[in-house]
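Here the first sequence stands for residues 23 to 824, numbered as in my numbering. Structure first, then comments.
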Amino acid sequence: MTQVPIYDPQAVEARWQARWVADHTNEPDLDRPRQPFYNLMMFPYPSAEGLHVGNMFAFTGADIYGRFKRLQGHDVFEPIGFDAFGIHSENYALQVGTNPAKLIPKNIETFRRQLRRFGGMFDWRHELSTTDPRYYKWTQWIFVKLFKAGLAFRKKAAVNWCPKDMSVLANEQVINGYCERHPDTRVEQRFLEQWFFAITRYAERLLKNLDWLDWSASTRTLQRNWIGRSEGAELVFETPDGHKIAVFTTRPDTLFGATYLVLAPEHPLVDALTADEQRARVKAYRREAQATDIVTRRVGDKAKTGVFLGSYARNPATGEAIPVWIADYVLMEYGTGAIMAVPAHDRRDFEFATAFKLPIRPVVRAEGPLPTVSEDGVLMNSGEFDGLPCRDAGRRIVAWLLSKGLATPQVQYRLHDWCISRQRYWGPPIPIIYCDGCGPVPVPEQDLPVELPFIEDFRPDAAGVSPLARHKEWYFAPCPQCGAQGRRETDVSDTFLDSAWYFLRYPSTEFDDRPWDPPRTKTWLPVTTYIGGNEHAVLHLLYSRFITMALQELGHVHFEEPFPKFRAHGLIIKDGAKMSKSRGNVVIPDAYLQQWGADTFRMYLMFLGPFQEGGDFRDEGITGIRRFLDKVWQLAHEARGPAPSSALPPAVARKLHQTIRKVTTDTEGLDYNTAIAAMMEYVNLVREQGAGTRDAVEPLLVMLAPYAPHFAEELWAALGHEQSVVSASWPSYDERLAAAGDVEIVVQVNGKVRGRLTISRGATEAQVVEQALKDESVRKFVDGQPVRKTIYVQDRLLNLVV
RNA sequence: GCGACCGUGGCGGAACUGGUAGACGCGCAGGACUUAGGAUCCUGUGGGGCAACCCGUGGGGGUUCGAGUCCCUCCGGUCGCACCA
C-alpha cells in the first residue's frame with residue numbers, strides 16, 4: 023500500500039499557477055494558430071470591493087468552456103481586461119475623495135490577483151484597460167471615423183438628467199423615472215447639446231440579423247423588444263386653412279373611428295393651429311408639460327390631461343371635421359409626434375375621450391366592452407370597407423388614401439439614437455475642437471489620443487458643464503483646420519462606447535499604430551463564443567453590434583456581427599434575492615478560495631444549478647464537491663504504477679463510455695451541473711467495483727480538467743505525465759460500448775407500472791410480451807383478461823391494455 | 001397592462017423527441033471504525049399503509065394506452081418593457 027499524500031488545494035493551486043506562467047501555458051500563438059477559438063467573456067468593471075461571486079460564477083462558466091474547447095484541439099484565446107472608465111468609478115472616487123486615476127490601478131491590481139487565483143485560462147499578455155491612453159486613443163479614433171461618415175452628430179435634445187450624478191443618463195439608465203444608480207432620485211428633463219450616434223439607421227439590420235444569430239433566446243427577445251419595430255402607415259389630416267397633420271398609426275383600419283387628433287405639446291404646428299380664445303390655456307399647458315421631466319411624463323398610469331386647440335382637421339375617410347387637442351400622453355420623440363385618436367379601439371384614447379367627453383365610435387365588430395383592441399374582427403361603420411377583416415381593410419384603406427397622396431406605408435422603431443455625451447470627468451474626451459470659423463472639427467488622427475488631463479477638482483457641475491471646462495490650458499486648443507484659437511469639447515464619451523469594441527482590441531494589444539491588426543483580426547474575429555450576463559442584452563450587445571456594422575461599412579472590419587454565438591448565464595442570488603450592496607448579501611469569494619481552494623469553489627458554483635439559469639448561493643453543499651474530489655484524489659493515487667493487463671470490468675467500461683458521452687454533450691451545452699453529476703456517478707461506480715485503475719481514471723481526469731484545472735494537473739502529473747493536462751485530448755467514446763449490456767424494461771398494465779424485466783438489448787416485442795406474461799405481479803393485474811392492445815417502446819417499456 | 005421564463009422531496013436540483021418522477025449533491029436517521037470525530041465507510045431516506053397496494057411534479061379541466069413534459073383555465077413567482085400610437 024502506497025502512502026497517499028493529503029490533498030492540499032492551496033499548495034496544488036499555487037504550484038500550477040506558477041507553472042502556467044513559467045511555461046506560457048495559456049498564451050496561444052496568435053499569428054499561426056491551427057484552429058483559432060476566441061473565447062470571450064464580458065470584462066469586469068474593477069470595483070473597489072473586488073471580484074464578487076457573481077463575476078466568478080460567470081468567469082468560471084466561460085473558462086470551463088474555453089478549457090473544454092482547448093482539450094478538443096482548438097487554440098483557445100481567452101483574454102481579460104478592465105472596463106474602468108465611467109460613472110461607477112467616478113462616483114466612488116468622489117465618495118472617498120481620491121482621484122479615480124489613482125484609485126483604478128489599485129482596484130485593477132486586486133482584480134488581477136483574484137482572477138489569477140481562481141484559475142482562469144487568461145492570456146495576460148493581452149490584458150487591456152479602457153482607461154489606458156493606448157486604448158482610448160482608438161476609442162476616440164472610432165468616434166472620428168463615425169463623425170466623418172456622418173454617423174456622429176450634435177443635437178439639442180431633451181435629456182434625462184440625474185441631479186445626484188449631475189450628468190445626463192441614457193434612456194436605458196432610467197428605471198421607472200428614477201436613476202439606475204440612485205433609486206431614490208427622480209430624473210429631470212434638461213435641454214442640452216449632445217453628441218449622438220445614428221444607431222437608428224441600422225435598426226432594420228440589427229433586427230433582421232437576430233434571426234440567424236446563435237444567441238440565447240431570451241437575449242434575442244430582449245433586443246427585439248428594445249428595437250421595437252411597428253408596421254403601419256403615416257396618414258395625413260388636413261385643416262381648413264391648409265395645414266397638413268401627419269400621424270403614424272399601426273391601425274389604419276380604424277380610421278373611420280378617429281374622432282379627434284392629439285399632438286404632442288411640443289409639436290411644431292401647435293401655434294398655428296391654436297385658436298385665439300384657446301391660446302392662454304394652450305400656453306399654460308405647454309409650459310406645464312415642459313416643466314415636467316420626460317420620465318414622469320412617460321409613467322403611464324396617471325390620469326390623462328390635455329387641452330383643445332380650438333381648431334379642426336378633416337378625417338380623410340369620413341370627411342368629417344374632428345377636433346385637434348394637445349396632450350402629454352403623445353410623445354414628440356416617437357412617430358410624427360401626433361396621433362389620430364380612435365377611442366373605441368385604443369385604451370389610451372378611450373381614457374382620454376371619456377375624461378373629455380369626446381365621441382367614441384366603434385368601427386370593429388367585436389365582443390366585450392369598449393375599448394376593443396383586437397385586430398381579429400370585421401369592420402363596421404366604415405362605408406365601403408364594412409365587413410372586411412381588419413388587416414385587409416387596413417391595407418385597402420392605405421392604398422385608397424395613397425392614391426390621394428394622404429397615406430404612406432411606414433415602419434417605426436422604438437430604438438432611439440445613442441446619446442454618447444457625458445458631462446463628467448472620468449471618460450475619454452470626445453475628440454472635437456470647436457472653432458468659431460469652422461464649427462466642430464475632429465482632432466486629426468495623428469494627434470490622438472486627446473489625453474484626459476489629471477485634475478484635482480473633478481467634481482461635476484450642477485450647471486451641466488463638464489469639469490474639463492475648468493482646465494483652461496487644456497480647454498483652449500488651436501483649430502486643426504484654420505489654426506485659430508478653438509475650444510475643446512469638454513464632454514467625455516459614454517462607457518458603453520469603450521466596451522463596444524474591446525473585443526477587437528484584445529488580439530492586437532501590442533500594436534500602437536493601429537487599433538487592430540488586419541491579419542490578426544482576420545484570424546481571430548468574429549468572436550467564436552461570447553458568454554455574459556443578460557443585464558447587457560440591450561445596451562452593450564446592441565451597441566457593439568452597431569459599432570461593428572458601422573466599421574464594416576467603413577471598411578475597417580470584414581464582418582458585420584461581432585458575436586455569432588452568445589450565451590447568457592444566469593444570476594447567482596442569495597437568500598432568494600439579487601446580491602447587492604444595499605441588501606448586504608454580497609458574497610466575496612476570497613474566503614472560500616482560502617478555505618476550499620479554487621477547484622472546489624469553481625465546481626461548487628457550477629453545481630449550484632444550471633449555468634444558464636443561475637442559482638441560489640448557500641454554502642451548505644460545498645462539502646459534497648470536496649468529498650468528490652477527495653475520492654478522485656484517492657483513486658488516482660491508487661492507479662499509479664503500470665496499467666493492469668486485464669481490461670476494465672464491463673460495467674465500468676460501459677459506464678465510462680456513457681459518462682464520456684454525457685460529459686461531452688453537457689459541457690458543450692453549458693449544462694455543467696449535470697456533467698458534474700455524471701462524473702460523480704462514474705466515480706461512485708468505479709469505487710463500488712474496486713476498479714480504480716489507470717485506464718478508468720485517466721479519461722476522468724481529462725474530463726475534470728476544465729472544471730478543476732489545478733487538481734487535474736496535479737493528478738495527471740502524479741500518474742507520470744510530463745506534459746500539462748491541457749495538452750491531452752478529450753476522451754472519445756464508443757457508442758456501442760456505451761449501449762452494451764442488458765436493459766431493464768418496465769411493464770405496465772393499463773398504464774401503471776406492474777413489473778420490470780431484465781432483457782437483452784434489442785429484444786422483439788413478442789419476446790418481451792412472452793416474458794412479461796410470466797411475471798407474477800403482471801399476471802395478477804392481467805387476471806386472465808384478453809390483452810386488447812400492446813404498446814412497446816424498444817428497450818424501454820411495454821404497456822399491456824386489457 | 002404587454003412580452004419572456006418558471007412553479008418537482010426538508011433543501012439545491014435531475015428527467016432525450018410524451019414512456020421507470022425525484023439522477024447527483026446537501027441535510028437527516030441508523031450502523032461500523034475510533035480515546036474522540038465536525039473525518040471516513042456502509043445502509044436507509046417523497047407521503048400514507050403491517051402488507052398487498054394507494055396517493056403524489058402549484059389548483060382545476062382536457063388530449064392519450066401513457067402527461068412533470070402537449071392543450072385550455074386559474075393561482076403564485078422572477079425578469080424585461082412600460083402612455084411607442
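We put the CB at the ideal spot given by N, CA and C, even for glycine.
*Just checking my contact of residue 513 with residue 443 at CB under 8 Å: how many whole Å lie between their CB atoms?*
Yes, residue 513 and residue 443 are in contact; Cβ-Cβ is about 4 Å, under 8 Å.
*Specify whether the region 142-155 and the region 100-116 touch according to this definition: at least 3 beta carbon pairs, one from each stretch, less than 8 Å apart.*
In this structure the region 142-155 lies against the region 100-116, because at least three pairs of beta carbons, one per stretch, are closer than 8 Å.
*CB residue 238 to CB residue 522, shorter than 7 Å?*
No, these two residues do not count as a Cβ contact at 7 Å.
*Which word fits residue 367, buried or exposed, when buried means at least 16 other C-beta atoms lie within 10 angstroms of its C-beta?*
Label assigned to residue 367: buried.
*asked:* Using 8 Å as the cut-off, can you tell me whether the region 568-577 makes contact with the region 69-84, which would need three or more C-beta pairs spanning the two stretches below that distance?
replied: Short answer: they don't touch.
*Starting from residue 416, trace the alpha helix (DSSP H) both ways and give me its first and last residue.*
Taken as a continuous stretch (DSSP letters only), the alpha helix (DSSP H) holding residue 416 covers 412-424.
_Out of 634, 62, 651 and 623, which one is the CA nearest neighbour of residue 17?_
Since the first residue of the chain shown is 23 and the last is 824, residue 17 is not available in this structure.
*Do residue 354 and residue 286 have their C-beta atoms closer together than 7 Å?*
Yes, they are a contact pair.
*Could you pull out every residue in the same chain whose Cβ sits closer than 8 Å to the Cβ of residue 246, ignoring the five residues on either side in sequence?*
Correct list, in chain order: 229 and 232.
_So within the region 299-368, which uninterrupted alpha helix (DSSP H) runs reach at least 4 residues, ignoring any that extend past its ends?_
As far as the region 299-368 is concerned, its whole alpha helix (DSSP H) runs of at least 4 residues are 301-313 and 316-320.
*What are the complete beta strand (DSSP E) segments, minimum 3 residues, inside the region 639-686?*
You should have found no qualifying run.
_Three-pair Cβ contact test at 8 Å for the region 661-679 versus the region 739-755_ = Taking a cut-off of 8 Å for Cβ pairs, the region 661-679 and the region 739-755 touch, as three or more such pairs fall below it.
*Can you tell which of 684, 690 and 747 has its C-alpha closest to the C-alpha of residue 757?*
Nearest of 684, 690 and 747 to residue 757, Cα basis: 684.
*Taking the C-alpha atoms as reference points, what is the distance between residue 707 and residue 673?*
If you take the alpha carbons of residue 707 and residue 673, they lie about 9 Å apart.
_What does the Cβ neighbour count give for residue 813, buried or exposed, with the cut at 16 atoms within 10 Å?_
It is exposed - the Cβ of residue 813 has fewer than 16 other Cβ atoms within 10 Å.
*What's the call for residue 42, buried or exposed, on a 16-neighbour Cβ count within 10 Å?*
With 16 or more other Cβ atoms within 10 Å, it is buried.
*So is residue 115 buried or exposed if we call it buried at 16+ other beta carbons inside 10 Å?*
When all chains shown are included, residue 115 counts as buried.
*asked:* Is it buried or exposed, residue 824, if we count other Cβ atoms within 10 angstroms and call 16 or more buried?
replied: With fewer than 16 other Cβ atoms from the protein chains shown falling within 10 Å of its own Cβ, residue 824 counts as exposed.
*In or out: residue 449 buried (at least 16 other Cβ within 10 Å) or exposed?*
With 16 or more Cβ atoms within 10 Å of its Cβ, residue 449 is classed as buried.
*Determine, using beta-carbon pairs with one atom in the region 176-193 and one in the region 119-132, whether at least three such pairs fall under 8 Å.*
Too few Cβ pairs lie closer than 8 Å, so no.
*Candidates 505, 509, 503 and 417, of which the one nearest residue 493 by Cα*: The shortest Cα separation from residue 493 among 505, 509, 503 and 417 belongs to 509.
*Terminal residues of the continuous alpha helix (DSSP H) containing residue 738?*
Boundaries of the alpha helix (DSSP H) around residue 738: 731-740.
*Would DSSP call residue 370 helix, strand or coil?*
Three-state result, residue 370: helix.
*Quick one: what does DSSP say residue 591 is sitting in, helix, strand or coil?*
Residue state, collapsed to three classes: strand.
*What do you get for residue 795, buried or exposed, if any count of 16 or more other CB atoms within 10 angstroms of its CB means buried?*
By the beta-carbon neighbour count (other beta carbons within 10 angstroms, threshold 16), residue 795 is exposed.
*asked:* Taking 6 Å as the limit between beta carbons, can you name the residues of its chain near residue 23, skipping five residues before and five after?
replied: Interpretation of residue 23 is limited by its pLDDT of 45, a score under 50 that renders its predicted location unreliable; the figure taken from the coordinates is listed afterwards. In its chain, beyond the 5 residues on either side, no residue has a beta carbon closer than 6 Å to the beta carbon of residue 23.
_residue 162 to residue 491 span [Cα, whole Å]_ = So the alpha carbons of these two residues sit roughly 19 Å apart.
_Collapsed DSSP secondary structure at residue 271 in the structure displayed_ = Strand at residue 271.
*State the start and end residues of the unbroken beta strand (DSSP E) segment that holds residue 432.*
From DSSP, the beta strand (DSSP E) with residue 432 extends over 429-435.
_Strand pairing of residue 63, partner residues [DSSP]_ = Residue 63 is bridged by DSSP to 553.
*Leaving out five residues on either side along the sequence, give the residues of the same chain with a beta carbon under 7 Å from the beta carbon of residue 189.*
Same-chain partners within the cutoff: 109, 444, 445, 446 and 482.
*Please determine, among 755, 789 and 356, the residue with the shortest C-alpha to C-alpha distance to residue 767.*
Each of 755, 789 and 356 was checked against the Cα of residue 767, and the nearest Cα belongs to 789.
*Rounded to the nearest angstrom, how far is the Cβ of residue 79 from that of residue 627, given a contact under 8 Å?*
Rounded, the Cβ-Cβ distance is 5 Å, consistent with contact.
_Among 484, 666 and 160, the one whose alpha carbon lies nearest that of residue 468_ = The residue from 484, 666 and 160 with its alpha-carbon nearest to that of residue 468 is 160.
*Does the Cβ of residue 118 have 16 or more other Cβ atoms within 10 Å, making it buried, or fewer, making it exposed?*
Counting Cβ neighbours within 10 Å, residue 118 comes out exposed, since fewer than 16 surround it.
_My output table needs one value for residue 23: the three-state DSSP class, helix, strand or coil._
Only weak support is given to the placement of residue 23: the predicted model assigns it a pLDDT of 45, under 50, and the value that follows is read from those uncertain coordinates. Three-state DSSP puts residue 23 in coil, outside helix and strand.
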